[in-house]
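Chains as they are written, first to last, in our numbering: chain A, 35 to 170; chain B, 35 to 170.
Here is the structure we will look at.
2 protein chains.
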Amino acid sequence: MIDFKELLKEHGIPPSLQRIKILEYLHDFNTHPTADVIYQALMNEMPTLSKTTVYNTLKAFAEKGVIVELSLFENEVRYEYNTTPHIHFKCIKCNIIYDISESFECLKNKEIEGHKVLEHHIYLKGICKNCRDSEE
Amino acid sequence: MIDFKELLKEHGIPPSLQRIKILEYLHDFNTHPTADVIYQALMNEMPTLSKTTVYNTLKAFAEKGVIVELSLFENEVRYEYNTTPHIHFKCIKCNIIYDISESFECLKNKEIEGHKVLEHHIYLKGICKNCRDSEE
DNA sequence: TTTCATACTTGTAACGATTACAAAATTGTA
DNA sequence: TACAATTTTGTAATCGTTACAAGTATGAAA
Ligand SMILES: [Mn+2]
Ligand SMILES: [Mn+2]
Ligand SMILES: [Zn+2]
Ligand SMILES: [Zn+2]
Numbered sequence: 035m036i037d038f039k040e041l042l043k044e045h046g047i048p049p050s051l052q053r054i055k056i057l058e059y060l061h062d063f064n065t066h067p068t069a070d071v072i073y074q075a076l077m078n079e080m081p082t083l084s085k086t087t088v089y090n091t092l093k094a095f096a097e098k099g100v101i102v103e104l105s106l107f108e109n110e111v112r113y114e115y116n117t118t119p120h121i122h123f124k125c126i127k128c129n130i131i132y133d134i135s136e137s138f139e140c141l142k143n144k145e146i147e148g149h150k151v152l153e154h155h156i157y158l159k160g161i162c163k164n165c166r167d168s169e170e
Numbered sequence: 035m036i037d038f039k040e041l042l043k044e045h046g047i048p049p050s051l052q053r054i055k056i057l058e059y060l061h062d063f064n065t066h067p068t069a070d071v072i073y074q075a076l077m078n079e080m081p082t083l084s085k086t087t088v089y090n091t092l093k094a095f096a097e098k099g100v101i102v103e104l105s106l107f108e109n110e111v112r113y114e115y116n117t118t119p120h121i122h123f124k125c126i127k128c129n130i131i132y133d134i135s136e137s138f139e140c141l142k143n144k145e146i147e148g149h150k151v152l153e154h155h156i157y158l159k160g161i162c163k164n165c166r167d168s169e170e
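Next up, the structure:
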């Protein structure tokens with residue numbers, strides 16, 4: 035059981051109830067939700083929650099390195115709890131975003147052609163195993 | 035000198051004046067412009083050009099494989115003439131998007147963890163050579 | 001405990017990129 | 001030339017996101 039309150043404090047973020055709930059959601063579901071998905075999910079137990087708070091919170095988390103911000107295709111920003119670099123695969127049929135466990139040469143914190151790399155993202159697009167199987 | 039009219043026909047796209055001009059722009063500048071950048075640039079010589087036409091044309095080009103659609107960070111779709119897979123680096127200071135010539139193992143058209151890969155994108159973010167030099 | 005400044009949350013309005021849509025213009029073909 | 005099909009245009013609508021101002025909670029100092 036992770037103490038999200040502590041985790042936030044360690045990152046210099048005062049742990050409000052809203053912030054804890056949003057971080058909890060990201061950890062528990064461990065998917066790649068948009069701000070709106072999180073908002074809709076927390077609406078039930080927090081009826082007064084504001085969408086603005088969700089947006090602000092996610093942006094603040096990402097800036098402090100608590101979570102990762104993804105911008106993969108289709109003009110929707112997504113967030114995830116897993117901050118270790120990994121490959122993303124988006125299925126063009128079912129729109130599910132898969133984590134690919136295959137390792138790769140990460141250029142993060144390296145210098146390439148004179149440029150200093152701070153982030154490294156690999157995005158794949160195609161048809162997932164499930165959709166291929168059900169196509170037959 | 036490329037015959038853009040022919041090029042479009044070969045891809046099954048009837049070559050209207052607007053389409054030829056947009057393709058010409060992408061080829062001549064060879065950067066990673068947004069639809070709006072192209073629209074603004076062509077406004078002078080084509081005063082009646084509609085922004086909708088630019089959006090529609092770029093989308094059609096990308097679908098037919100004439101150009102590539104990029105969705106790298108910051109929620110802005112960009113397009114480019116160069117359809118060969120390569121790495122992109124965006125500088126967080128000057129916002130320029132660089133092409134990285136370094137080669138990499140491309141997973142396009144391969145199968146990974148059961149998924150069929152149709153597109154492969156690598157996006158880097160950091161501080162470019164120019165901005166680092168001028169920081170001193 | 002009260003006071004007060006600060007930080008956080010909320011709700012609404014505004015924004016910006018993109019898309020939908022219908023009318024006007026153009027095109028290719030008979 | 002006639003005409004149907006396609007393309008372009010301009011405007012309105014949409015959607016994700018952000019700005020902003022007012023309300024609320026928090027936590028330290030008195
Ligand atoms: Mn992931
Ligand atoms: Mn490029
Ligand atoms: Zn799928
Ligand atoms: Zn730069």
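Ideal placement from N, C-alpha and C gives every residue a C-beta, glycine not left out.
{"Check": "Among A:Ser50, A:Lys124 and A:Asn164, nearest to A:Met1 - alpha-carbon criterion", "Outcome": "Outside the modelled stretch of chain A, which goes from 35 to 170, sits residue 1 of chain A, for which no answer is possible."}
{"Check": "Delimiting residues of the alpha helix (DSSP H) encompassing B:Asp62", "Outcome": "Leu51 to Phe63"}
{"Check": "Per-residue contacts from A:Val151 into chain B (C-beta, under 8 Å)", "Outcome": "Phe123, Leu158, Lys159 and Gly160"}
{"Check": "Option in A:Thr68, A:Ile101, A:Met77 and A:Leu152 with minimal Cα separation from A:Phe38", "Outcome": "A:Ile101"}
{"Check": "Partner residues on chain B for A:His154, Cβ-Cβ distance less than 7 Å", "Outcome": "Leu158"}
{"Check": "Residues that DSSP places opposite A:Leu158 in a beta bridge", "Outcome": "A:Phe123 and B:His154"}
{"Check": "Those residues which DSSP pairs with B:Val102 across a bridge", "Outcome": "B:Glu114"}
{"Check": "DSSP-derived helix/strand/coil call for A:Ile172", "Outcome": "Residue coverage of chain A in this structure runs from 35 to 170, which leaves residue 172 of chain A outside it and unanswerable."}
{"Check": "9 Å Cβ cut-off: residues of chain A touching B:Ser105", "Outcome": "Ser105, Leu106, Phe107, Glu108, Asn109 and Tyr157"}
{"Check": "Within chain A, partners of B:Gly148 - CB distance below 7 Å", "Outcome": "Lys163"}
{"Check": "Proximity to A:Ala96 [Cα-Cα], best of A:Tyr157, A:Ile121, A:Val151 and A:Leu42", "Outcome": "A:Leu42"}
{"Check": "Boundaries (first-last residue) of the alpha helix (DSSP H) holding A:Asp133", "Outcome": "Here A:Asp133 belongs to no alpha helix (DSSP H); instead the beta strand (DSSP E) covers Ile131 to Ile134."}
{"Check": "A:Leu41 at chain B interface by Cβ criterion, 8 Å", "Outcome": "no"}
{"Check": "Three-way DSSP call (helix, strand, coil) for A:Glu79 in this model", "Outcome": "coil"}
{"Check": "Beta-carbon proximity check, B:Lys98 vs B:Gly46, cutoff 8 Å", "Outcome": "yes"}
{"Check": "B:Thr118 burial status per 10 Å Cβ neighbour count (16 or more: buried)", "Outcome": "exposed"}
{"Check": "Heavy atom of ligand 1 within 7 Å of A:Asn116 beta-carbon", "Outcome": "yes"}
{"Check": "Neighbourhood of A:Lys142 by C-beta distance below 8 Å, restricted to the same chain and skipping five residues each side", "Outcome": "Pro119, Val151, Leu152, Glu153 and His154"}
{"Check": "Members of the region 130-142 of chain A near chain B, C-beta cut-off 9 Å", "Outcome": "Tyr132, Ile134, Ser135, Glu136, Phe138, Glu139, Leu141 and Lys142"}
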